[in-house]
Amino acid sequence: MSSTPSGGGTDAPPAVELRGITKRFPGVVANHDIDITVAPGTVHAIVGENGAGKSTLMKTLYGMHRPDEGEILVRNGPVHFSSPSDAIKQGIGMVHQHFMLADNLTVLENVVLGAERRHGIGRRARARILALSEQYGLGIRPDRLMEELGVGDRQRVEILKVLYRGAETIILDEPTAVLVPQEVDELFDNLRELKREGLTVIFISHKLDEVLSVADRITVIRRGTTVDTVDPVHTSARELATLMVGGELPVPELRESTVTDRVMLSLQGITVLSPEGRPVVDDVSVDVHRGEIVGVAGVEGNGQSELIEAVMGMQALSSGRILLEGTDITEWSTLRIREAGVGYIPEDRHRHGMLLESPLWENRILGHQTRPPSVRGPWLDRSGARGDSERIVDEYDVRTPGIDVVADALSGGNQQKFIIGREMSGRPRFLVAAHPTRGVDVGAQSAIWEQLREARAAGLAVLLISADLDELIGMSDTLHVILRGRLVAEADPTGVTPEQLGSAMTGAGLDNADDTEGGPRADRTRDAEGEDGA
Ligand SMILES: Nc1ncnc2c1ncn2[C@@H]1O[C@H](COP(=O)(O)OP(=O)(O)OP(=O)(O)O)[C@@H](O)[C@H]1O
C-alpha cells in the first residue's frame, strides 16, 4: 500500500483542494480537519464507514453546507460557496444518489430545466446536448421521455445535466449502488471518457473492488477525518477496509442450508398490471419455505419492485393469489399483513421506510404502531418505543448522537441500519427485503448478513431482491431471475457467477456470460431496458 499526499502527478494546479475542513452539527463533528487534494483529469474516490462524513464533505464542496473551519480552493484560488449555484459557477457539479428527474418530461426538458439561460430551450439546447453526449460518449437521445429510460440511462442524463451547466469537476454520490454489473461497466467507461477529456470526477462508494478498478487516488475517511490517500495500484481491498474501520474485518462464514419443507409464503400465478394494462408481474409462482432465502435477480424495472409491493399489499393483483402459511392474504391491507408477522425493508427508505423529519424513536413505531413495544393496550408506549430504539442503536451500531435526533440527521447507511433493526425486532416470520445493505459500509454489511443468516437459521423465510449480485448469490438458497415480469431462469447460488447472473438478467441466458468482453453484453442491457424500462 502506498500513500500519496496528492493525486495525478501533473504540474497543473489541483482541480479542487480541501484544507482543514471542519463541519459540526449539534452533538456531532461530521468532518474534522480534512485535507484532500484532487488532481485535474483524475477519478478520485472517497471511502469510509457509514457516518464517516463523506456526504457532509461532498455537500460542503457543493455549497450545500458551509464549513465551520478550513478552506476550499479551486485551481489554487480560494472560493466561498453559499449555495450549489456558487459551486456550479466554479465548475463543480454533483449527481445525487436519488435522481432528480421528472418522469413525464423529455431528456432535453430535464436537462435544460433551471438552466434555460445557457442555450434556451430549443434548437440550440438540443445541439448542445447532442454535442456533449457525443463528446463524452454518453449515447443520449434528447427527445426520449424520461420514464422510458432505465437506471443507467437516467444516471447518464444526470451527468449530462451537470456537464450542460459547465461542470469541470463532477461529484457522484454512490453512483453504482443502483446499478447492475453491466451498467457499472458502462458507467466506468463513461468516467474514463470524462477523464480523457480532462474532467475530474470525485465519487463516494462502499464497493471497494469497484473503487480499486476505476479510481486514480482513494482517500479514506474515518470518524470525520482523513486517514490516508492511497494509490489503488498498490492497495488491496482488504487493506482499504482495514484503513476504513481501523481493524481487521471478519471473514464471511460458510453457508449451511436451513431450508425446511414448510411453505411460509406461496405466490400462485400472480399477475400485476401497469396503469396502462401491461403485465409488470406476469404469472409468477414461487414458494418460500421456513428457513429459506429466495432471491430474485433482475435489471431494475423488470417487475421486482411490483412483485414485493404485491406481497406487501401495496399492488392489486389482476390474477393469482398469495398465501401466508396457508392463509389467503391476497386482499389484505399492508397493515394487516405486517400484523401477521411480515417484516418489510423497503426499496426506497425515504418514501416507505422513514419519516425523515421525525425523531428516531418515533420512527421505531412506524409500521409497527399496533404492537408492543410501540403500544401497551390502546395506548402509545413512549418508553417502550424509546427503550427499544436504544437497543436497536446499540445492537446494530447505528451511529447517532441519540434517539431524539431527527432521522434526517443520520447518514444514509445509519438510517438503513436502523430500519433493519426495527424490522428484525418485530421478530417477523416472513421478511420482504429490498436491497437490505444498500448504502451500508462493508463492516455493517457483513453484520447485517450475519443477522439475516441467524434469523434464517431460527426459521425466518425471506424474499430478497437486490442490485448487489454478490449479496444475492451469497445469501440466497434459491435464486430466480426476473425479466419483463416473468421468472425466466433459476440459478444455483452455489455455482453461478455474477457475470452469468447478469447475463441471464438481460435475457441472454445463464450460459452466455463468456461472450461478454467488449460491447455485446452492454448492448443487450440497453435493449432490455429500452423495451421494458420502468
Ligand atoms: N443535517 C445533519 N444534522 C445533524 N447531523 C448530521 C447531518 N448530516 C450528517 N450528520 C451527521 O454527520 C455525520 C456524518 O454523516 P455523513 O452523512 O456525512 O456520513 P457518510 O460518510 O456519508 O455516511 P453513509 O456512508 O452512511 O452515507 C453522521 O454522524 C451524521 O449523523
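Just so we're aligned, residue 8 is where the sequence shown starts under our numbering, counting upward by one.
Backbone N, C-alpha and C fix where the C-beta goes; we use that ideal spot for every residue, glycine too.
Please read all numbers here as calculations on a predicted model, not as lab measurements.
query, result
"Which residue marks the beginning of the beta strand (DSSP E) containing Asn38, and which one marks its end?", "Val35 to Val45"
"Near Met65, what residues of its chain come up, given a Cβ to Cβ distance below 8 angstroms and the 5 sequence neighbours on each side ignored?", "Ile53, Met101, Ile178, Asp180, Ile209 and Ile211"
"Please report the distance separating the alpha-carbon of Ile136 from that of Arg436.", "51 angstroms"
"Looking only at C-alpha atoms, which of Val469, Thr236 and Gln162 sits nearest to Ala440?", "Val469"
"For the stretch 411-421 against the stretch 45-64, do three or more pairs of beta-carbon atoms, one drawn from each stretch, fall closer than 8 angstroms, so that the two count as touching?", "yes"
"Just to confirm my understanding: we take Gly428, look at its own chain, exclude 5 residues before and 5 after, and list those with CB closer than 6 angstroms. What are they?", "Ile399 and Tyr403"
"With a CB to CB cut of under 6 angstroms and the five nearest residues on each side skipped, what residues in its chain are close to Glu299?", "Val266, Ala468 and Asp484"
"I think Leu494 touches Val488, with their Cβ atoms under 8 angstroms apart; what is that distance to the nearest whole Å?", "7 angstroms"
"Could you check if Ile544 belongs to the surroundings of ligand 1, using beta carbon to heavy atom distance under 8 angstroms?", "Because the chain is modelled from 8 through 541, residue 544 falls outside the range shown and cannot be assessed."
"Any heavy atom of ligand 1 closer than 8 angstroms to the CB of Leu64?", "yes"
"Between Ile79 and Pro385, what straight-line distance do the alpha-carbon atoms span, to the nearest angstrom?", "55 angstroms"
"From the beta carbon of Val191, is the nearest beta carbon of chain B less than 9 angstroms away?", "No chain B is part of this structure, which consists of one protein chain only."
"If you draw a straight line from the alpha carbon of Asn309 to that of Gly231, how long is it in whole angstroms?", "39 angstroms"
"What number of angstroms, rounded off, separates the C-alpha of Asn370 from the C-alpha of Glu307?", "28 angstroms"
"Whether or not the stretch 68-76 and the stretch 227-245 are in contact is what I'm after, with contact meaning three or more pairs of Cβ atoms, one per stretch, closer than 8 angstroms; do they touch?", "no"
"Indicate whether the contact test is met: 3 or more Cβ pairs, each with one atom in the stretch 108-121 and one in the stretch 133-152, closer than 8 angstroms.", "yes"
"Classify His375 as buried or exposed, calling it buried when 16 or more other Cβ atoms lie within 10 Å of its own Cβ.", "buried"
"Which residues bound the alpha helix (DSSP H) around His126?", "Glu123 to His126"
"For Met512, which of helix, strand or coil comes out of DSSP?", "helix"
"To which residues of the same chain is Pro282 closer than 7 angstroms at the C-beta, ignoring the five residues directly before and after it?", "none"
"Relative to the C-alpha of Gly159, which residue among Ala304, Glu190 and Gly253 is closest?", "Glu190"
"What does the alpha-carbon distance come out to for the pair Gln275 and Ser292?", "5 angstroms"
"Can you give, in chain order, each stretch of the alpha helix (DSSP H) that sits fully within the stretch 356-393 and has at least 4 residues?", "367-372"
"Where do the N-terminal and C-terminal ends of the alpha helix (DSSP H) with Met482 fall, by residue?", "Leu476 to Met482"
"Can at least three beta-carbon pairs, one atom from the stretch 509-516 and one from the stretch 324-335, be found at a separation below 8 angstroms?", "no"
"Quick one: Cα of Leu387 to Cα of Pro379, how far?", "9 angstroms"
"For Leu186, which residues of its own chain have a beta-carbon under 7 angstroms away from its beta-carbon, when the five flanking residues on both sides are left out?", "Val158, Gly159, Leu194 and Ala474"
"Is Ala94 helix, strand or coil by DSSP?", "helix"
"Which of the three DSSP states, helix, strand or coil, is assigned to Pro286?", "strand"
"Distance, Cα to Cα, Val258 vs Pro505?", "Caution applies to Val258, whose pLDDT of 48 falls short of 50 and renders its modelled position unreliable; the value that the coordinates give is listed next. Cα to Cα, the separation comes out at about 20 angstroms."
"Between which two residues does the beta strand (DSSP E) containing Ser273 stretch?", "Val270 to Leu280"
"In three-state terms, what does DSSP make of Ile336?", "coil"
"Pull up the distance between the alpha-carbon of Gly205 and that of Arg245, whole angstroms please.", "31 angstroms"
"Measure the C-alpha to C-alpha separation of Asp290 and Val279 and round it to an integer number of angstroms.", "8 angstroms"
"Could you tell me whether any non-hydrogen atom of ligand 1 is closer than 8 angstroms to the CB of Arg406?", "yes"
"Report yes if the CB atom of Pro353 is closer than 9 angstroms to the CB atom of Gly492, and no otherwise.", "no"
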